[in-house]
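Number of protein chains: 2
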Amino acid sequence: MAYLEKLQTAINARQSLLCVGLDPDLARLPTHFPSTPDGAFRFLRAIIGSTSDFACAYKPNLAFFEALGPAGLELLQATLAVIPSDIPVIGDAKRGDVGHTAHQYAVALFERYHVDAVTVNPYLGEDALEPFLAHADRGIYVVCRTSNPGAAAVQNLPVQRNGETRPLYEHVALLVQSWNRNQNCGLVVGATAPAELSQIRRLTPHLPLLVPGVGEQGGDLVTAVAVHREDAPVVINASRSILYASRGSDFASAAAIVARNLRDAIRRAFPS
Amino acid sequence: MAYLEKLQTAINARQSLLCVGLDPDLARLPTHFPSTPDGAFRFLRAIIGSTSDFACAYKPNLAFFEALGPAGLELLQATLAVIPSDIPVIGDAKRGDVGHTAHQYAVALFERYHVDAVTVNPYLGEDALEPFLAHADRGIYVVCRTSNPGAAAVQNLPVQRNGETRPLYEHVALLVQSWNRNQNCGLVVGATAPAELSQIRRLTPHLPLLVPGVGEQGGDLVTAVAVHREDAPVVINASRSILYASRGSDFASAAAIVARNLRDAIRRAFPS
């Protein structure tokens, strides 16, 4: 099943747009777990078990696994194996490199770890993303407008084309639309930039969106929900606010409560 | 010793600007080695042994290691351990993500693998690179103008600022210059774009440059050498043309010959 179909099925089955980000930080594990990759595995397995009724996707953030060295990649494999097979996995890697190198990153993500979708960086252009785009059955979320405070210094630079001036992130959104011949592209747009999010949806009504930044980063849920379309879904990611809801022995139920509440807040944010 | 000083010492000791890229591809190993991570280790160890008189730096390309799964990261660790300690290592990872994630990537590269320098992506802005930039003793090469055919579609977009219009890559070069308060920034500029390389050197005379694209990609060596400055050195990378010079039992000596010839061609390209 292609990524988009798998995602839509998971959204419908759970009536949820919530994506749970998996950012294992050994320093923030429940206090009764050892600060080791094995402790992180037991933690993530319990988190997945307690949140899988509320999540339309899981998003492992590769940086947190890589920070643990080779054992962190074994942790990633073990974690992926306990995610229910009907829930799509977005490998959050933000990769971007020239074609023959991008090919190896695609091998790593799609053939070693078998993720359903990835995040990638647009700066190197279309041929650098081609090894990802060529996988018609996988989702390719291209970073467009990020949630960090300094994003605008590059992403909002005014670009002149055909007599019009647009911020760079709008130009990137239009480029990605033109790269979407396999109907597998989407965009990463942070909820902390609601005006930009609305404008990107106007420009590219048919691209799925991955929207981080609603949890600890405090982004705007109403706008994130307003840009959802059934054929171009929005997945709304929260990571730390769910994972680290409690460091006590109740961590899994605390995570489930935050996840359920966020799923419900997303539902309520829909225009009635 | 800070990265730049270590690099300058290696350049002077070997009278070489050649960086040898380490891109282990199991399908291209010498035919008498098994197509396994262990075969790749024996291959890379011999390549390093035979080229270390000619190389001022080694540049492991993380994609090729990651494509092998967790065992590939063990291969990376084993490979790093056999690089002579006076030759700096550039971890070619092109990472770029929001601050708390970038911090984890910096942990992976600097604290797990102990590389002397890294490549990173500018699209997310300064705060996303801060966890790298804060390491004053490491080198941070920011992707500016890449060597791939499609780079211009994004990197040459005309950006308007203060009444001037510049291609995006020039604007990125100027931004990186403004982020260089720790004197540890450099730029990645492909030798396949010699006009852009010269212009970037005019704009940012004090930034070290990492120049890929002279080997199989056919870039311009004369321009790459012309932009070298003793206080802002250019390192000229070749990967596949050296690594895969022969698949026979002579692979190590064949690699040494290509590396020595390229080092000598770089020397000859200096204006006399």
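Protein chains in written order, with this note's numbering: chain A, 1 to 272; chain B, 1001 to 1272. No residue lacks a Cβ here, since even glycine has one placed at the ideal position from N, Cα and C.
A distance below 9 Å separates the beta carbons of G1125/B and A152/A. Listed along chain B, the residues sitting closer than 8 Å to Y105/A by beta-carbon distance are A1063, E1066, A1067. Look at A134/A: its C-beta is not under 9 Å from any C-beta on chain B. Separation of the CB atoms of V120/A and V142/A is rounded to 6 Å, and the pair is thereby assigned contact status at 8 Å.
For the pair of segments examined, the segment 47-60 of chain A was found not to touch the segment 1039-1048 of chain B: the number of CB pairs separated by less than 8 Å stays below three.
Approximately 7 Å separates the beta-carbon atoms of P212/A and A191/A; this is inside 8 Å, confirming the contact.
For S1241/B, no CB of chain A lies under 9 Å from its own CB, so it is not counted at the interface with that chain. Under the Cβ criterion of 9 Å, D264/A is not counted among the residues facing chain B. In the three-state reduction of the DSSP assignment, T192/A falls in the coil class.
Among the residues facing chain A, H1171/B is included, as its CB has a counterpart in that chain under 9 Å away.
With a minimum length of 3 residues, the unbroken runs of beta strand (DSSP E) contained wholly in the segment 1028-1070 of chain B fall at 1057-1060.
Per the coordinates, the alpha-carbon of L1076/B lies some 30 Å from the alpha-carbon of H1228/B.
In the structure shown, the three-state DSSP call for I1087/B is coil. Listed along chain A, the residues sitting closer than 9 Å to R1112/B by beta-carbon distance are E66, A67, L68, G69, P70, G72.
For the segment 1130-1155 of chain B, the residues whose beta carbon sits under 8 Å from a beta carbon of chain A are, in order, V1143, T1146, S1147, N1148, P1149, G1150, A1151, A1152, A1153, V1154, Q1155.
Counting only the Cα atoms, S1249/B lies some 15 Å from F1041/B.
Assigned with DSSP and collapsed to three states, N1012/B falls in helix.
From the beta-carbon of N121/A, the residues of chain B found nearer than 8 Å are K1094, G1096, N1121, Y1123.
In this structure, DSSP gives T1204/B a state outside helix and strand, which the three-state scheme calls coil.
Shortest Cα-Cα distance from P271/A to any of L221/A, A108/A, G163/A involves L221/A. Of all C-beta pairs linking the segment 1054-1074 of chain B to the segment 97-106 of chain A, three or more are shorter than 8 Å, placing the two stretches in contact. Taking a contact to require three or more Cβ pairs closer than 8 Å, the segment 12-32 of chain A and the segment 233-247 of chain A qualify as touching. Interface criterion not met: the Cβ of T1204/B is under 9 Å from no Cβ in chain A. For Q1160/B, the closest Cβ of chain A is nearer than 9 Å.
Taking 9 Å as the cut-off, the Cβ atoms of L1203/B and Q1177/B count as close.
In the three-state reduction of the DSSP assignment, A232/A falls in the strand class. Counting other Cβ atoms within 10 Å of its Cβ, A252/A reaches 16 or more and is therefore classed as buried. Runs of alpha helix (DSSP H) with 4 or more residues, each lying fully within the segment 124-162 of chain A, are found at 126-133, 152-155, listed in chain order.
For L1168/B, the enclosing alpha helix (DSSP H) covers residues 1168-1178. By the neighbour-count criterion, in which a residue is buried when 16 or more other Cβ atoms sit within 10 angstroms of its Cβ, H1206/B is exposed.
Of the candidates Q160/A, A193/A, L129/A, L129/A places its Cα closest to the Cα of G186/A. For a Cβ distance threshold of 9 Å, residue set G1150, A1153, V1154 of chain B lies close to E126/A, ordered along the chain. Against chain A, the beta carbon of Q1199/B has no neighbour under 9 Å; the closest one sits roughly 18 Å away. The three-state secondary structure of G1072/B, taken from DSSP, is helix. Below the 8 Å Cβ cutoff, chain A contributes Q160 as neighbours of T1165/B, in chain order.
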